[in-house]
Amino acid sequence: MFTVTVSHESAVPPYEQLRLAVVAQVRSGELTAGTKIPTVRALAAQLGLAPNTVARAYRELEADGVVETRGRQGSFIASSGDPTRDVAGRAATAYVATVRRLGLDDATALHYVQAALEG
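Residue numbers (the working numbering): 62 to 180.
Now the structure itself:
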């Protein structure tokens, strides 16, 4: 079952809270491949959000391969399962390629990663 909550007091934008909640539920197995998720309008009404906010989250989830849209049938959790590790791996590979092109050593590269994680 698809259940999500969004905190309007959070510093994290609502679309990002929604996106992260869906990814977490896919990772945990709560949402499995083929699970139909609510329409943009239905979820926006349920959460008290603007439809464009939900649409943005859905677009980003689709771009990441977490959600697939099947035209008039609606949106579903993608059959590919949890693609986040694959996307993260590609991002890490791209980062290393950039660092190498810039001539930075591994310690400096790791420093930048640590700084980004700490935020």
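Glycine is no exception: its CB is placed at the ideal position from the N, C-alpha and C atoms.
Keep in mind it's a predicted model, so treat the numbers as computed, not measured.
Contact between the segment 105 to 116 and the segment 73 to 86 is present: 3 or more CB-CB pairs across the two stretches fall below 8 Å. Counting along the chain, the unbroken beta strand (DSSP E) around Glu129 starts and ends at 128 to 130. In this model, Arg102 and Gly180 are separated by some 33 Å (Cα to Cα). Contact annotation: the segment 80 to 93 touches the segment 128 to 143, with at least three C-beta pairs closer than 8 Å. Tyr173 counts as exposed, since fewer than 16 other beta carbons sit within 10 angstroms of its beta carbon. At a Cβ-Cβ threshold of 8 Å, Val127 and Val160 do not count as neighbours. Rounded to the nearest whole angstrom, the CA to CA distance from Asp167 to Gly132 is 46 Å. Straight-line measurement puts the Cα of Leu108 at about 13 Å from the Cα of Glu70. In terms of Cβ geometry, Leu122 and Val67 do not form a close pair [threshold 8 Å]. Gly150 and Val157 have their C-alpha atoms spaced approximately 11 Å apart.
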